[in-house]
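Written out below as structure tokens is the structure these notes cover.
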Amino acid sequence: MERTHCLSKITVSLTHSMLICLVAAASKNITTDQKALLAPKDHITYAPTNLLTQNWTSNTSVCTGISITCDVNSHEVAALDISQFNLQGTIIPNTTGNLRNLKWLGLAYKLLDIFNFKIELSFLFGKLQKIKNLRLTGNPLDRILSGSIGEIPHEIGYLPNLENLVLGFNNLVGVVPAAIFNMSTVKKIYLLDNSLLGSFSLGIDLSLPNVERLNPGLNRFSGTIPSFITNASKLKLRFLGLTGNPLDGVLPTSIGNLSMSLENIYISNCNIGGSIPQLISNLSNLLLLDLEGNKLTGSIPVTFSRLQKLQGLYLPFNKLAGSIPDQLCHLARLNTLGLAGNKFSGSIPSCLGNLTSLRSPDLGSNRLTSVLPSTFWNLKDILFFDLSSNSLDGPLSLDIGNLRVVIGINLSRNNFSGDIPSTIGDLKDLQNISLACNGLEGLIPESFGYLTELNLSFNKLEGEIPRGGPFANFTAKSFMGNEKLCGLPNLQFPKCKRRTRRKSKKKMLLLVIVLPLSTALIIAVPLALKYKSIRGGKSMFHQNCAMALKSFEAECEVMKNIRHRNHVKRISSCSNEDFKALLNIMIDVASALEYLHFSHSTPVIHCDLKPKNVLLDKNMVAHFKTLVTIGYMAPEGRVSTRSDVYSYGIMLIETFTRKKPTDEMFTTELSLKLWVNNLLPASLMEV
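If you count by mature numbering (1 follows the signal peptide of the UniProt record, and there is no 0), then the sequence shown holds residues -25 to -1, 1 to 662, one letter each, in order.
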């Protein structure tokens, strides 16, 4: 019994001693790490409010601080990530390096002395041998303001446990140390957006057996795509990013030998030429392929149908040609299709409408023709689509209303015709739509949901521009180039006329103005022969120029031989004497005059309407020679639209009677107008 009691005391004593030792050790570790963290605190010149006053203090445990993680067993600092905080100042390496158990370190490069960057990091990494994750990041603004921070220290390549290396968005320069591409433990190398250079061809003997993510994009690497990557079928590579490097050459056929686990390939804007290798279809687990902005030629390989897991295909702005293969319709998981800026021709495959997962097709700026397949409107979950700058034609289907969640539509610069589908107004999520530069006709639908951007310019739309709703926020640019639109005077469109006046303008002109006057003049002409012979030597009109005076004939002969960019080209000064031709000319003049008076918010007054100012083109269509607006008239001259109408009536009489108001037969008691008026009753029964 005493023996048992004695053993119990010994056990309790040993346990107590061990606990004391562990607590002491933990306390020592915490104290050591605390000093390592508190030392650089005085060198930080700026920090967000309360970040440092409430953390990293001598009165609190380091393990409770923001951005710090401690080991559960040793209570030592295992992770320190202050890369996301907007701290400014200097981290002292000889103290930070005392965090001997540190496995995760994240810094913003502006916390390092830029002029001693390489020396400081070399010293720091010489002490942090347990580090597994290293993140040193900046941002574009810091990079512009601070300039280059130097080269990558070669000591990083000798960290024995390093798995993740993130050095993106800095201004690192020079060649990447070869040791970094020989790290057997590394899984992720992220060098995006620096100024690193060198030739990838130097990497023939490099070995990264465990690398899963490799992204040296947006640097200045040159040469061809590394053969050690494209031939490494046993690699565990899942992500390859070479975007934005000035590479050359072609996509090697060996790219099909890449890891079967590869999911993402980014090789955009790399100056790559040649055709797309068919063996790329061997990458059966590929989720995204981005080859945008290269010089690729040829067609899309039909073997792409084997990429059954592909979700994003980006091939825009290359030189690809041919038709869009139906085999793309076998990619059931495809949600983004980017083929813009190529030379694809033919029609859009109707089977694309079967890709129910498609969210964003961009086929703009190609040579596509024909009508949109009716199946296209089956894509009920589509968010954006761009078919602009092609040669698509035909009407837009009412089934466009099936696109229930669409946000953006661009169908500009095609040959679409017909009315704008009213069902577009049912698309409640639609924010921007462009139908510019087509041949669309009819009225603008009054309801366009919650649009923030609208472009209907350069079509053949007519009628009143809707008011209220989103239309209150649109500018004249949304509707320009549609001559028959009206309303919204604040956008410089004319006021709309009453409907009775808008129907059959030419018929109204013919019935109301031209026809009665013409009838009267037919009666007046025979009687006028009693006063003077039209074909006499004193006649003021040439027999072959029904609208030209002899004095004007010489002027026209000179003017039609003048060639200058600021002169209207004279085709001829004569027209056929045929009555129908004269009648059509006067209808043209009436139409032009009506346009000046009623198609602008402020009427435009010609003020100088006479035969001398009407010119005929080769098709005998009348055109005004001069135009004077009210703003240029002398103050003593009272003008209005009525004065233009009066001038038009006088010109009608001149045209059909071949008499001028200044003819010597007319006196103060007898004017041209009175002369015709007096003749009408006497000759009416002779018609």
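Where is the CB? At the ideal position from N, CA and C, for every residue including glycine.
Predicted model only: the values in this text are computed from it and were never measured.
Under 6 Å Cβ to Cβ from residue 386, same chain only, skipping five residues before and after it: list those, please. 362 and 410
Within 10 angstroms of the Cβ of residue 597, are there 16 or more other Cβ atoms? Answer buried if so, exposed if not. By the Cβ neighbour-count rule, residue 597 is buried, with 16 or more other Cβ atoms within 10 Å of its own.
Just the Cα atoms here: how many angstroms apart are residue -12 and residue 74? The pLDDT assigned to residue -12 is 37, lower than 50, so where the model puts this residue is not dependable, and the model offers no usable value.
Closest to residue 132 by C-alpha separation, out of 145, 265 and 109, would be which residue? 109
CA-to-CA distance, residue 421 to residue 396, given in whole angstroms: 11 Å
8 Å Cβ shell around residue 252 - same chain, five flanking residues per side excluded: 226, 227, 228, 230, 231 and 276
Would you give the residue range spanned by the alpha helix (DSSP H) that residue 564 belongs to? According to the DSSP assignment, residue 564 belongs to the alpha helix (DSSP H) that extends over 554 to 573.
Assign residue 234 to one of two classes, buried (16 or more other C-beta atoms within 10 Å of its C-beta) or exposed (fewer than that). Buried is the call here.
Cα-Cα, which of 619, 554 and 200 is closest to residue 566? 619
What are the residues that DSSP puts in a beta bridge with residue 289? 265 and 313
Per DSSP, residue 597 is paired with what? 591
Which full runs of the alpha helix (DSSP H) of 4+ residues lie inside the stretch 349 to 394, going along the chain? none
Write down the C-beta distance between residue 440 and residue 408 rounded to the nearest angstrom, noting that I regard them as a contact closer than 8 Å. Not confirmed; about 16 Å, so no contact.
Can the beta-carbon of residue 623 be found closer than 9 Å to that of residue 649? no
Count the C-beta pairs between the stretch 185 to 203 and the stretch 156 to 173 that are closer than 8 Å, then say yes if the count reaches three, no if not. yes
Where does residue 272 sit, in a helix, a strand or coil, going by DSSP? coil
Identity of the residues DSSP links to residue 241 by a beta bridge: 216 and 265
Let me check understanding here. Comparing Cα to Cα, which of 318, 145 and 183 lies closest to residue 161? 183
Provide the residue(s) that pair with residue 150 in DSSP beta bridges, ordered along the chain. 172
Proximity to residue 342 [Cα-Cα], best of 353, 327, 333 and 365: 365
Sorted by chain position, which residues of the same chain lie with C-beta nearer than 6 Å to residue 337's C-beta, five sequence neighbours on each side aside? Closer than 6 Å at the Cβ level, and outside the excluded window around residue 337, lie 313, 315 and 361.
Using the C-alpha atoms, what's the distance from residue 406 back to residue 390? 23 Å
Out of 354, 346, 626 and 340, which has the shortest C-alpha to C-alpha gap to residue 319? 340
In terms of residue numbering, what span does the alpha helix (DSSP H) encompassing residue 618 cover? For residue 618, the enclosing alpha helix (DSSP H) covers residues 616 to 632.
For residue 81 and residue 56, believed in contact at Cβ under 8 Å, the rounded distance: 3 Å
Expressed to the nearest angstrom, what Euclidean distance is found between the alpha-carbon atoms of residue 258 and residue 210? Cα to Cα, residue 258 sits roughly 13 Å from residue 210.
Name the residue from 154, 236, 559 and 260 whose alpha carbon lies nearest to the alpha carbon of residue 306. 260
State the Cα-Cα distance for the pair residue 267 and residue 417, rounded to the nearest angstrom. 39 Å
Do residue 77 and residue 37 have their C-beta atoms closer together than 9 Å? no
Work out the CA separation of residue 309 and residue 438 for me, nearest whole Å. 42 Å
Could you please give me the residues that DSSP links to residue 667 through a beta bridge? Here the chain has residues from -25 to 662 only, and residue 667 is not among them.
What residues are listed by DSSP as bridge partners for residue 320? 342
Where residue 189 falls: helix, strand or coil (DSSP): The three-state reading of DSSP puts residue 189 in strand, counting E and B together.
Measuring only the C-alpha atoms, how far is residue 453 from residue 345? Rounded to whole angstroms, residue 453 to residue 345 spans 27 Å at the Cα level.
Kindly give me the distance between the Cβ atoms of residue 285 and residue 264, rounded to whole angstroms, as I take these residues to be in contact under 8 Å. The pair is a contact, with the Cβ atoms about 7 Å apart (cut-off 8 Å).
Output the distance between the C-alpha atoms of residue 166 and residue 139, rounded to the nearest integer angstrom. 11 Å
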